[in-house]
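Chains as they are written, first to last, in the numbering used here: chain A, 1 to 471; chain B, 472 to 942.
Following: one structure in structure tokens, then a few remarks.
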């Protein structure tokens with residue numbers, strides 16, 4: 001890249017990045033007739049000011065500015081791009097190396113003009129913005145715009161109009177985005193294969209995590225979210241890695257890479273620690289896999305994502321009825337949320353610059369206008385409730401979990417006393433948590449699994465766990 | 472541990488942790504006669520609220536509370552410990568698993584009594600505190616204490632007295648701390664060996680970083696700071712990893728592990744990408760190594776750390792005179808800061824819960840009372856200016872760098888026109904940056920290198936790079 005040594009390399013070549021960004025601005029200008037200023041944010045301190053977490057630019061900024069510039073802003077109006085960025089402080093080169101100058105960055109991203117940050121207040125009049133997740137910068141936003149900034153949970157005025165417009169753009173991925181998203185997916189696939197391969201010799205969850213994240217870091221990517229790598233898959237957002245691995249355990253790994261320009265992937269696989277599913281694990285795994293496959297088959301433009309969720313729930317219920325765990329008619333069981341005893345989350349979510357794309361805007365992205373979260377146990381965690389559109393990227397991630405807090409809840413025991421064969425369920429005690437998650441691009445022809453290089457079938461999984469570690 | 476599955480395992484057994492913490496409180500009570508309240512902080516958002524960076528508790532909190540409890544506080548007075556922590560919200564178990572209850576945590580850390588957070592305001596009267604690096608929590612601190620909290624860069628009143636007392640405690644490590652610090656050091660050693668072993672087959676800096684951090688994660692530790700893994704060692708805080716590795720390059724890796732309870736290590740090694748130092752690289756490496764070894768030999772109680780720095784500078788200058796790069800008397804050259812053209816940072820810093828220990832307090836920890844930073848080019852970056860005391864842990868990390876911003880600076884060229892043989896220097900163009908860093912414990916007998924399991928000599932380094940990758 002023109003910027004030389006200080007920006008991550010990428011398949012997005014300069015000309016391409018410039019073109020991609022221009023097209024995004026033009027599409028934005030088709031939707032809003034007011035100026036827009038977006039801030040990138042600043043790095044956050046960990047345990048002392050100079051020891052920061054790795055900087056992550058605001059996703060809205062990244063979408064229009066392309067590069068993870070710290071402490072920068074862009075102004076967008078009528079397809080024009082203005083960059084606000086200070087040149088590196090003198091002396092900074094000693095500690096951080098030669099950083100690109102403002103005009104070099106401006107050229108790379110195709111900015112029409114570039115200014116130091118001090119010029120921003122004079123040029124930000126009447127602009128809309130999105131609050132960044134950094135108090136210090138959020139105060140700057142209010143100072144610069146001379147007004148209060150809409151809180152993310154109560155968007156209003158032109159900030160709300162802007163949020164709606166950005167959602168429309170970011171809901172469907174352009175070629176530049178898809179190139180990045182596919183790179184992230186490919187690296188995540190390699191990470192999962194490395195995790196499976198490392199299992200045979202590992203004695204601790206952390207070992208598997210280290211093998212997986214090591215691959216992601218080795219490709220100069222970062223993790224899009226805190227990895228879940230656990231033999232306690234029933235804890236949905238488990239972020240600890242200290243459990244020993246024991247023969248008979250299933251390991252659930254939900255690990256995804258993010259490219260240097262910020263685009264995410266999100267994959268979950270569940271595999272047996274000793275390389276072989278038990279009969280009960282195999283039985284439940286096949287049920288979850290059927291839900292996964294049927295849900296993916298259902299993905300196409302125009303289909304309501306909620307119906308994909310309900311289909312997966314029904315397939316899961318059918319399988320659990322066949323296994324004698326649930327009792328009754330599958331459709332009735334789903335209607336009664338009995339599936340949610342074992343599958344208490346949604347079938348998936350939007351994926352893009354954020355692993356839950358645009359979730360900073362609450363349900364603005366996930367939920368079509370005038371739709372709200374259901375109160376139903378089996379639907380309330382659904383993060384996406386829209387008809388699918390071409391170039392949307394969503395996850396499909398059904399699961400089966402034995403969550404003590406749900407299954408031992410006396411109200412649930414009472415409510416579902418006839419729907420669940422609790423004695424039969426006890427025979428499946430070695431299945432604490434299974435999830436199978438892929439990333440699915442909505443195309444005119446249906447769903448394209450961007451993570452399909454990682455198999456889901458039992459035979460392949462067992463093979464990857466048992467053999468790869470030896471090669 | 473009693474807490475079961477939700478806290479990291481550690482060699483600090485419960486009884487020991489309880490005892491260690493009690494002893495720390497008693498030592499604090501010997502120094503201050505007012506109550507103290509310390510907050511742990513909260514996790515910080517990355518790109519959307521639910522996607523957080525891994526939580527890191529405030530180091531001052533960790534020192535007295537032992538465990539990385541999120542959104543907690545402790546009150547210390549006369550050797551007593553009160554814990555303020557809310558029980559997990561109902562429903563949290565679904566997403567995050569069963570978390571320990573307040574009374575279980577209290578038992579583990581030996582709290583005399585424990586309350587929900589809502590009780591804190593009533594019990595925080597007249598307490599001193601240290602501001603945490605989290606705006607939201609800092610506002611809580613002010614609300615709870617009903618006063619403004621001393622800014623970290625302008626400590627005053629009882630907050631300043633507290634800071635001074637904590638510094639006195641944390642300057643010398645107790646057995647519990649040393650146990651953790653040694654664990655961190657051991658894992659960092661393994662990470663560096665893995666990095667060397669991975670070099671032969673790597674084509675990108677990121678590959679080495681992935682191999683090294685993979686080891687740290689595999690041991691269920693985290694990185695104490697953003698790793699530096701670069702063929703551009705002349706960029707002192709390089710945090711990018713995208714350069715290709717080329718035969719003839721030196722790779723500089725500054726990577727350190729942190730234990731689950733927060734204790735840090737900090738190691739740098741520099742090795743040749745192709746497994747063999749060139750003659751010029753070897754010559755400079757030996758000079759840096761001599762400075763490293765002589766500085767470590769000088770470490771003992773009562774010695775001024777600044778003199779260790781000046782000794783290393785002198786040894787470096789001597790070596791560079793011998794190589795014909797510097798011209799003149801080494802002591803005069805150091806007096807003129809000529810060494811700092813190539814070694815522009817300090818010889819090291821305190822190490823403990825923070826990799827620059829207690830640097831949140833500015834120079835309160837690093838600088839003895841009534842001492843201030845020098846304005847001299849060769850001393851202004853020195854982070855520690857105290858006489859060494861038993862059980863202090865410091866880094867010793869001399870280096871040689873060819874920083875374009877320093878060496879091409881016309882003022883430096885003029886000022887040092889006779890001190891540097893610039894033509895001779897050009898022959899060392901393949902030495903962009905070398906640093907050799909170890910962690911050294913001050914004992915009654917002198918310095919004990921806690922990271923000595925990782926060799927520094929050329930033969931061993933070349934062997935680790937050339938051979939280990941094949942085993």
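Glycine residues also receive a C-beta, built at the ideal position from the N, C-alpha and C atoms.
For residue 931 of chain B, the closest C-alpha among the options B:668, B:883, B:587, B:674 is that of B:668. Contacts with chain A at 9 Å (Cβ-Cβ) include residue 710 of chain B. In the same chain as residue 694 of chain B, and ignoring 5 residues on each side of it, the C-beta atoms closer than 8 Å to its own belong to 684, 687, 726, 727, 728, 729, in chain order. Under DSSP, residue 422 of chain A shares a beta bridge with no residue. Taking 9 Å as the cut-off, the beta carbon of residue 401 of chain A is found no closer than this to the beta carbon of residue 348 of chain A. Listed in chain order, the positions of the stretch 677-700 of chain B with a beta carbon within less than 7 Å of a beta carbon of chain A are 677, 678, 680, 681, 682, 684, 685, 686, 688, 689, 690, 691, 696, 697.
Contact check for residue 633 of chain B against residue 860 of chain B fails: the beta carbons are separated by 9 Å or more.
Sequence-distant partners of residue 46 of chain A (beyond 5 residues in either direction) whose C-beta falls short of 7 Å from its own C-beta, in its chain, are 52, 53. Cβ contact annotation for residue 345 of chain A (same chain, cutoff 6 Å, sequence separation greater than five): 381, in chain order. Under the DSSP assignment, residue 554 of chain B falls in the beta strand (DSSP E) whose first and last residues are 551-555. Cβ proximity to chain A below 8 Å picks out 874, 875, 876, 877 from the stretch 864-891 of chain B. In this structure, residue 792 of chain B lies away from residue 96 of chain A, with their beta-carbon atoms at least 9 Å apart. Contact between residue 519 of chain B and residue 356 of chain A holds: CB atoms are separated by about 6 Å, below the 8 Å threshold. Against chain A, the beta carbon of residue 530 of chain B has neighbours under 9 Å at 47, 48, listed in chain order.
The beta carbon of residue 624 of chain B is closer than 6 Å to those of 833 in its chain, skipping five residues each way along the sequence. Here DSSP, grouped into helix, strand and coil, assigns residue 210 of chain A to helix.
Residue pairing by DSSP places residue 448 of chain A opposite A:441 in a beta bridge. Of all residues in the stretch 711-725 of chain B, only 711, 712, 713, 714 place a beta-carbon less than 8 Å from a beta-carbon of chain A. Judged by DSSP secondary structure, residue 280 of chain A falls within the alpha helix (DSSP H) whose first and last residues are 279-298.
Residue 133 of chain A counts as buried, since at least 16 other C-beta atoms from the protein chains shown sit within 10 angstroms of its C-beta. Listed along chain A, the residues sitting closer than 7 Å to residue 706 of chain B by beta-carbon distance are 96, 97.
Within the stretch 24-47 of chain A, the residues whose Cβ lies closer than 8 Å to any Cβ of chain B are, in chain order, 44, 45, 46, 47. Classified as exposed, residue 674 of chain B has fewer than 16 neighbouring CB atoms from the shown chains inside 10 Å of its CB. DSSP places residue 121 of chain A in the uninterrupted alpha helix (DSSP H) bounded by 120-123. In the structure shown, the three-state DSSP call for residue 674 of chain B is coil. For residue 54 of chain A, the residues of chain B that pass the 8 Å Cβ criterion are 697, 710, in the order they occur in the chain. Proximity of residue 196 of chain A to chain B, defined by a Cβ-Cβ separation below 9 Å, is not satisfied. Between residue 680 of chain B and residue 218 of chain A, the C-beta spacing is below 9 Å. Under the Cβ criterion of 9 Å, residue 354 of chain A is counted among the residues facing chain B.
At a Cβ-Cβ threshold of 9 Å, residue 130 of chain A and residue 360 of chain A count as neighbours. Residue 912 of chain B places its beta carbon less than 9 Å from that of residue 921 of chain B.
Taking a Cβ-Cβ threshold of 8 Å, the residues of chain B close to residue 135 of chain A are 606, 607, in chain order. Using a Cβ-Cβ cut-off of 9 Å, residue 801 of chain B does not count as an interface residue toward chain A, since no Cβ of chain A sits closer than that to its own.
A Cβ-Cβ distance of about 23 Å is found for the pair residue 855 of chain B and residue 663 of chain B, leaving them out of contact under the 8 Å criterion. Using a Cβ-Cβ cut-off of 7 Å, residue 703 of chain B is close to 97 of chain A, given in chain order. Checking the DSSP bridge columns, you'll see residue 463 of chain A has no partner listed.
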